[in-house]
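So the structure is just underneath, and the comments pick up after that.
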Amino acid sequence: MSSESTAYDPGSVEADAQAFWERTRAFEAVEDPSREKFYCLSMLPYPSGALHMGHVRNYTIGDVISRYQRMLGKNVLQPMAWDAFGLPAENAAIRNNTAPARWTYANIEHMRAQLKSMGYAIDWSREFATCRPDYYVHEQRMFVRLFEKGMVYRRNAVVNFDPVDQTVLANEQVIDGRGWRSGALVEKREIAQWFLRITAYADELLAGLDSLPGWPDAVKTMQRNWIGRSEGLEFAFDVEGSAEPVRVFTTRPDTLMGVTFLSIAPEHPLAQQAAAADPELAVRIAALKQGGVSEAERETQEKRGVEIGMFATHPVSGEALPIFAANFVLMNYGTGAVMGVPGHDQRDWEFAQAYALPIRMVIVSAEVRDALAEIRQHVGAHDDPMQSALGEAGAIDVVDTGAAVQVVQEFEDSVANDGAFTEQGWVVNSGEFDGLDYQGAFDAIAGRLEKEGRGTRQVNFRLRDWGVSRQRYWGCPIPMVHCAVCGDVPVPESQLPVLLPEDVAFSGVQSPIKADPEWRKTTCPRCGGPADRETDTFDTFMESSWYYARYTSPGAAEMVDARANYWLPVDHYIGGIEHAILHLLYFRFYHRLLRDAGMVASDEPATNLLCQGMVIAETFFREVEIPGSGSGGTVMDKVWVNPADVEVERDERGRVTGAKSLIDGAALRIGGIEKMSKSRNNGVDPQAMVDKYGADTVRLFSMFAAPAEYSLEWNEAGVEGMSRFLRRFWREAEAALAVAGDGTQDAAVSGAQLDAAGQELRRQLHETIAKVGDDYGRRLSFNTIIAALMELLNALTRYRGADAAAHALRLETLRAMVLMLNPITPHFAHRTWQALGNPESLVDAQPFPVADPAAIARSSVTLALQVNGKLRGTLEVAADASREVIETLALSDASVVRHVAGLSVRKVIVVPGKIVNVVAS
RNA sequence: GCCCGGGUGGCGAAACUGGUAGACGCAAGGGACUUAAAAUCCCUCGGCCUUGUGCCGUGCCGGUUCGAGUCCGGCCCCGGGCACCA
Numbered sequence: 059m060s061s062e063s064t065a066y067d068p069g070s071v072e073a074d075a076q077a078f079w080e081r082t083r084a085f086e087a088v089e090d091p092s093r094e095k096f097y098c099l100s101m102l103p104y105p106s107g108a109l110h111m112g113h114v115r116n117y118t119i120g121d122v123i124s125r126y127q128r129m130l131g132k133n134v135l136q137p138m139a140w141d142a143f144g145l146p147a148e149n150a151a152i153r154n155n156t157a158p159a160r161w162t163y164a165n166i167e168h169m170r171a172q173l174k175s176m177g178y179a180i181d182w183s184r185e186f187a188t189c190r191p192d193y194y195v196h197e198q199r200m201f202v203r204l205f206e207k208g209m210v211y212r213r214n215a216v217v218n219f220d221p222v223d224q225t226v227l228a229n230e231q232v233i234d235g236r237g238w239r240s241g242a243l244v245e246k247r248e249i250a251q252w253f254l255r256i257t258a259y260a261d262e263l264l265a266g267l268d269s270l271p272g273w274p275d276a277v278k279t280m281q282r283n284w285i286g287r288s289e290g291l292e293f294a295f296d297v298e299g300s301a302e303p304v305r306v307f308t309t310r311p312d313t314l315m316g317v318t319f320l321s322i323a324p325e326h327p328l329a330q331q332a333a334a335a336d337p338e339l340a341v342r343i344a345a346l347k348q349g350g351v352s353e354a355e356r357e358t359q360e361k362r363g364v365e366i367g368m369f370a371t372h373p374v375s376g377e378a379l380p381i382f383a384a385n386f387v388l389m390n391y392g393t394g395a396v397m398g399v400p401g402h403d404q405r406d407w408e409f410a411q412a413y414a415l416p417i418r419m420v421i422v423s424a425e426v427r428d429a430l431a432e433i434r435q436h437v438g439a440h441d442d443p444m445q446s447a448l449g450e451a452g453a454i455d456v457v458d459t460g461a462a463v464q465v466v467q468e469f470e471d472s473v474a475n476d477g478a479f480t481e482q483g484w485v486v487n488s489g490e491f492d493g494l495d496y497q498g499a500f501d502a503i504a505g506r507l508e509k510e511g512r513g514t515r516q517v518n519f520r521l522r523d524w525g526v527s528r529q530r531y532w533g534c535p536i537p538m539v540h541c542a543v544c545g546d547v548p549v550p551e552s553q554l555p556v557l558l559p560e561d562v563a564f565s566g567v568q569s570p571i572k573a574d575p576e577w578r579k580t581t582c583p584r585c586g587g588p589a590d591r592e593t594d595t596f597d598t599f600m601e602s603s604w605y606y607a608r609y610t611s612p613g614a615a616e617m618v619d620a621r622a623n624y625w626l627p628v629d630h631y632i633g634g635i636e637h638a639i640l641h642l643l644y645f646r647f648y649h650r651l652l653r654d655a656g657m658v659a660s661d662e663p664a665t666n667l668l669c670q671g672m673v674i675a676e677t678f679f680r681e682v683e684i685p686g687s688g689s690g691g692t693v694m695d696k697v698w699v700n701p702a703d704v705e706v707e708r709d710e711r712g713r714v715t716g717a718k719s720l721i722d723g724a725a726l727r728i729g730g731i732e733k734m735s736k737s738r739n740n741g742v743d744p745q746a747m748v749d750k751y752g753a754d755t756v757r758l759f760s761m762f763a764a765p766a767e768y769s770l771e772w773n774e775a776g777v778e779g780m781s782r783f784l785r786r787f788w789r790e791a792e793a794a795l796a797v798a799g800d801g802t803q804d805a806a807v808s809g810a811q812l813d814a815a816g817q818e819l820r821r822q823l824h825e826t827i828a829k830v831g832d833d834y835g836r837r838l839s840f841n842t843i844i845a846a847l848m849e850l851l852n853a854l855t856r857y858r859g860a861d862a863a864a865h866a867l868r869l870e871t872l873r874a875m876v877l878m879l880n881p882i883t884p885h886f887a888h889r890t891w892q893a894l895g896n897p898e899s900l901v902d903a904q905p906f907p908v909a910d911p912a913a914i915a916r917s918s919v920t921l922a923l924q925v926n927g928k929l930r931g932t933l934e935v936a937a938d939a940s941r942e943v944i945e946t947l948a949l950s951d952a953s954v955v956r957h958v959a960g961l962s963v964r965k966v967i968v969v970p971g972k973i974v975n976v977v978a979s
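Our numbering applies: residue 59 is where the first sequence begins, and numbers increase by one.
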């Protein structure tokens, strides 16, 4: 920009600014204990091929926070890396007949260039890819050290198994209970896997949530529920004809007398014992293993059970209880067995209905308890009140107890017909425990079983240990050796890393390191005899659990070095809400592992967290006929058309009435707004948007269109609106410079020199400065920042002042606006800042503007005037007007007088600076 | 099924601590400028009617309050997660 008129050309503006930042190494962060640090971290991308809008949104939010903190004078670190191991590389390798490594590295090159074109203030000197040995060697070393500490163990666990392809499937690869490639019904299969003892930290991970005021409540609540601390009783049922009892855990020992059956996992030893003795039963039990392992599938599939022909003994009543192997009980979780209380657990209730098992009510509401007590007075204390109430109702004095009998009858009907009574209540039908409340019955029943040596009170967690074994190739090799003599032996640190070969032929049927008989051959580090390497690789959550720490210490010989404690914990972490539980829990867990290894000094990895919403877009499709399977007919299928190739049609009120293809003009159907995805072909390519409008416009739109936490609907007309705003700003600055010369003169303005319109503009400027600073720093409300700056530009455009003071005010306003816009549109700000007469670069810690309190002060305020809470007008009063004065003015207002006519005024409520409400009746 | 969110004009949204619902932007309609187009500028824009400082209106039903988009109870719908997608 110069004093002669030029159009805003984002291409050259952005290229210049990016070249300047690169040349001056503007964003390379250097540890400096004399300065306050700010570590701003965005979740690292998986290099899937090309940047998508979700990345753009995530990294723009992080960049805005980073650049704002930098303007506050902080020493900001904003790094980037690549979460480079994972399943998609294997799928792409099969599709493209290439090695996963090559595909991954090519994607990284492409996506890095795309990120750079967005102008993010990233310290690229700290970049890494997690698939490189110099990254994963640290992970392997950590693992063998954790093994020595007893934090790692190996046991059997269930996986999805495709019986046709003979492979383990990820949950994502199981669709409607079938393998995604073979279509075969998936089965559960047990295989040996490695686990990290995250449950050893369950209490701490739970308690630590209270020390995170900067995390969203939704995330903390989800994590609390996921960890799921509960207090209960673990106890044993003796089994007739078996030496081994069945152990169960329950949070509801008060319902013990309502147990009418037991459910065990199909893999439970007792089920296996029964199966071994009866081939037909073995087949039926094996059939229960059908279906995937995911909780969602398990909980929504039909509850099925097989009676195994064995009976457990009720520990109090001695009653024989049938034992079922059931598809909803998993061997991995808890004891692999649960007690069945159909009266008070909904799943057990449904199971009992399906298998005609008795439903016994042993807990009732207070109302029913009272009704039973009333009936008891009439039938005598020696009788079972419920039996009497129901069985001998006719014999009871109907006048006195009819209502009570009805209450009990309705309760019983509801449990019999509508479902279990799952609330806590009072115990009935339970002999010596009758009349106790939840806690009383818990203590009495737990106490009795403990005294008999049959059970113990236990704190139980829903959280399970972290299974880190994956039967895949493209991951970090697990550094263990299996020796026939010595068992499982960790690879000595001196022999690390265990390298993953990258130059492999990959068919997808089996991992190359499993297929290659040579790769696994090694010698036992302990006895020197022949041994096999572990051929499983780590869960890729392992890499993403500690990458944030590695950024602080590039090149360190260990995971991190002393630099980590300068930067950590992360001051602001930004990523998608879909990571609320798994990633963010592993992240918090791993930080504690680092702490307990003496590598970091803090307890939590990040003090503030922002979870951004998804990016969504309209979908369009046309229906086509494709040949149907089988007898030669056709079926309708949908062909999805990208929004970039669609023109929507509207009626004269702006409502969408239809859509047609820009390619062939064909009419299209509108499929609704959904998450951007390949399957719906509604992804909008960020690169195309940057090429067309410039990165600043794309950044501006993605920050304006919705609050960071909400879904963001991509809408190209909206992008054009953002482009218009920047062009208007550019023109306004040019016009100001055309009058004011080169803009170097002092722009300081005192309110006294300005006319009323100038004072009003200056007030709005400083109110905007105050609001925008608050929105950036405290509220993280970026859309309202942009709206406020648009309002200010509208006001500036309308301002007609023409004297020297007015021109100075224009420059003051424009300079402040450039600074306020800088975090969001940094290229644009870089150029306009210099044009406005500032020789220094904006990026060099220009302080964020500070509001002038004198400009904001008001002499009068406008109050809303209400009668009985309904708006009846407004009232202009002096800012320091007393309550009495305001009341008097309000009651004499013509509109108020009219609306209270015929009523008497009861009171007048005055909320200073806001409203006056006259209450009349 | 379970856990966590969300629902405000034709659309994205704003209303921050219970205090003037719809700022800002998009779309649409009308106008100006222009040979024309683009660009730009101006006006209108929740619904209803009796056009009034009128009535109704924040998913639905009920409650608390002088006052509810905001708080409470119940329901409906949509989205995220559910441990091997990342």
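By construction, the Cβ of each residue, glycine as well, lies at the ideal position given by its N, Cα and C atoms.
State the start and end residues of the unbroken alpha helix (DSSP H) segment that holds Met878.
By one-based count along the first sequence, residue 878 stands at place 820. Element bounds for Met878: 862-879.
Taking 8 Å as the cut-off, decide whether the C-beta atoms of Arg591 and Val556 are in contact.
Mapped onto the first sequence, residue 591 falls at position 533. Mapped onto the first sequence, residue 556 falls at position 498. In contact: Arg591 and Val556 (Cβ atoms closer than 8 Å).
Does the stretch 296-308 come within contact of the stretch 497-504, defined as at least 3 CB pairs closer than 8 Å?
no
Out of curiosity, what's the CA-to-CA distance linking Val742 and Ile827?
Walking along the first sequence from the start, residue 742 turns up at place 684. Walking along the first sequence from the start, residue 827 turns up at place 769. When rounded, the distance between both Cα atoms is 34 Å.
Are the beta-carbon atoms belonging to Met600 and Leu652 less than 8 Å from one another?
Position 542 of the first sequence holds residue 600. Position 594 of the first sequence holds residue 652. No.
Give a yes or no on whether the C-beta atoms belonging to Asn740 and Ala815 are separated by under 8 Å.
Taking the first residue of the first sequence as 1, we reach residue 740 at position 682. Taking the first residue of the first sequence as 1, we reach residue 815 at position 757. Not a contact, by the Cβ cut-off of 8 Å.
For Val485, which residues in the same chain have their Cβ closer than 7 Å to its Cβ, ignoring the five residues on either side in sequence?
As a working mapping, residue 485 is identified with position 427 in the first sequence. If we look at Val485 and ignore the five residues flanking it on each side, its Cβ neighbours are Asp312, Val420, Ile421, Phe491, Asp492, Gly493, Leu494, Ala499.
By the DSSP assignment, the beta strand (DSSP E) with Ser423 in it spans what residues?
Reading the first sequence from its first residue, position 365 is the one you call residue 423. No beta strand (DSSP E) holds Ser423; DSSP gives it neither H nor E.
Just how far apart, CA to CA, sit Asp234 and Glu355?
Along the first sequence, one-based indexing puts residue 234 at 176. Along the first sequence, one-based indexing puts residue 355 at 297. So the alpha carbons of these two residues sit roughly 9 Å apart.
Mapping the DSSP letters down to three states, classify Tyr97 as helix, strand or coil.
Walking along the first sequence from the start, residue 97 turns up at place 39. Note: Tyr97 maps to strand in three-state DSSP.
Between the CA atoms of Ser603 and Tyr97 - distance to the nearest angstrom
Position 39 of the first sequence holds residue 97. Position 545 of the first sequence holds residue 603. Taking the straight line from one Cα to the other gives about 17 Å.
Using the three-state DSSP reduction, which class does Ala280 fall into: helix, strand or coil?
The residue you call residue 280 lines up with position 222 of the first sequence. Checking the displayed sequence, the identity of residue 280 turns out to be Met instead of Ala. Three-state DSSP puts Met280 in a helix.
Just to confirm, is the Cβ distance from Val908 to Gly971 under 8 Å?
Against the first sequence, residue 908 aligns to sequence position 850. Against the first sequence, residue 971 aligns to sequence position 913. The answer is no: Cβ separation not under 8 Å.
Delimiting residues of the alpha helix (DSSP H) encompassing Arg199:
Sequence index remark: in the first sequence, residue 199 carries index 141 (1-based). Where Arg199 is concerned, the enclosing alpha helix (DSSP H) stretches over 191-206.
Gln482 to Pro535 span [Cα, whole Å]:
Working through the first sequence from its first residue, we reach residue 482 at position 424. Working through the first sequence from its first residue, we reach residue 535 at position 477. If you take the alpha carbons of Gln482 and Pro535, they lie about 49 Å apart.
Excluding the 5 residues preceding and the 5 following Ala228 in the sequence, name in chain order all residues of the same chain whose CB lies nearer than 7 Å to its CB.
Counted from its first residue, the first sequence places residue 228 at position 170. Counting only Cβ-Cβ distances below 7 Å, and skipping sequence neighbours, we find Leu145.
Let me know if Ile967 comes out buried or exposed under the rule of 16 or more other beta-carbons within 10 Å of its beta-carbon.
Numbered from 1 along the first sequence, position 909 holds the residue referred to as residue 967. Answer is exposed; the Cβ neighbour count stays below 16.
Straight-line CA distance for Lys718 to Arg711?
Here residue 718 is taken as the residue at index 660 of the first sequence, counted from 1. Here residue 711 is taken as the residue at index 653 of the first sequence, counted from 1. Using only the alpha carbons, I get a separation of about 19 Å.
Can you tell which of Pro588, Val562, Leu872, Met694 has the C-alpha that lies nearest to the C-alpha of Trp161?
Stepping through the first sequence from its first residue, residue 161 is reached at position 103. Selected option, being the one with the closest Cα: Val562.
Which residues DSSP lists as bridging Asn518, in chain order
In the first sequence, residue 518 corresponds to position 460, counting from 1. Per DSSP, Ser288.
Where does Lys829 sit, in a helix, a strand or coil, going by DSSP?
Working through the first sequence from its first residue, we reach residue 829 at position 771. Reduced to three states, the DSSP call for Lys829 is helix.
Opposite Cys541 in the DSSP bridges: which residues?
Sequence index remark: in the first sequence, residue 541 carries index 483 (1-based). For Cys541, which the question treats as bridged, DSSP gives the partners Gly545, Ala589.
Consult DSSP for Gln224 and reduce its assignment to one of helix, strand or coil.
Against the first sequence, residue 224 aligns to sequence position 166. Reduced to three states, the DSSP call for Gln224 is coil.
Ignore the nearest five residues each way along the sequence and tell me which others in Gln822's own chain have a CB closer than 7 Å to its CB.
Position 764 of the first sequence, counted from the start, is the residue given in the question as residue 822. Once the five neighbours on either side are set aside, the close Cβ partners of Gln822 are Leu850, Ala853.
Out of Gly112, Tyr66, Glu86, point me to the one whose CA is closest to Lys733's CA.
Locating residue 733 in the first sequence gives position 675, where the first residue counts as 1. It is Gly112.
If you reduce the DSSP assignment to three classes, tell me which class Ser917 lands in.
Residue numbering aside, residue 917 sits at position 859 when the first sequence is read from its first letter. Three-state DSSP puts Ser917 in coil, outside helix and strand.
Through-space distance from Val396 to Ala478, alpha-carbon basis
Taking the first sequence and counting its residues from 1, the one referred to as residue 478 is at position 420. Taking the first sequence and counting its residues from 1, the one referred to as residue 396 is at position 338. Taking the straight line joining both Cα atoms gives about 17 Å.
Could you tell me the alpha carbon to alpha carbon distance between Val457 and Gly489, rounded to whole angstroms?
On the first sequence, residue 457 is found 399 positions in, with the first residue counted as 1. On the first sequence, residue 489 is found 431 positions in, with the first residue counted as 1. At Val457, the pLDDT of 47 sits below 50, so the modelled position is not reliable and the matter cannot be decided from this model.
Which first and last residues belong to the alpha helix (DSSP H) in which Ala763 is found?
Taking the first sequence and counting its residues from 1, one reaches residue 763 at position 705. Counting along the chain, Ala763 falls outside any alpha helix (DSSP H), and DSSP gives it neither H nor E.
Range of the contiguous alpha helix (DSSP H) that encloses Met397
Position 339 of the first sequence, counting from 1, holds the residue named residue 397. Looking at the DSSP string, Met397 is not in any alpha helix (DSSP H); the run it does join, the beta strand (DSSP E), is 395-398.
Compute the beta-carbon to beta-carbon distance between Pro537 and Gln198, rounded to the nearest angstrom, for a pair I have assumed lies under 8 Å.
The sequence position of residue 537 within the first sequence is 479, counting from 1. The sequence position of residue 198 within the first sequence is 140, counting from 1. Right, their Cβ atoms sit about 4 Å apart.
Let's test the definition: count the other Cβ atoms within 10 Å of the Cβ of Cys585 and tell me whether it reaches 16, buried, or not, exposed.
In the first sequence, the residue the question calls residue 585 occupies position 527. With fewer than 16 Cβ atoms within 10 Å of its Cβ, Cys585 is classed as exposed.
Given a cut-off of 8 Å on the beta-carbon distance, is the pair Ala294 and Gly505 in contact?
Your numbering for residue 294 matches position 236 in the first sequence. Your numbering for residue 505 matches position 447 in the first sequence. The answer is no: Cβ separation not under 8 Å.
Neighbour-count burial assignment, Ile249, 16 or more Cβ in a 10 Å radius
Locating residue 249 in the first sequence gives position 191, where the first residue counts as 1. It counts as exposed.
Inter-residue CB distance, Val210 and Phe201 (contact presumed, cutoff 8 Å)
In the first sequence, counting from the first residue as 1, residue 210 sits at position 152. In the first sequence, counting from the first residue as 1, residue 201 sits at position 143. Contact flag correct, Cβ pair sits at about 6 Å.
Classify Ile882: buried if its beta carbon has 16 or more other beta carbons within 10 angstroms, exposed otherwise.
Taking the first residue of the first sequence as 1, we reach residue 882 at position 824. So Ile882 ends up on the buried side.
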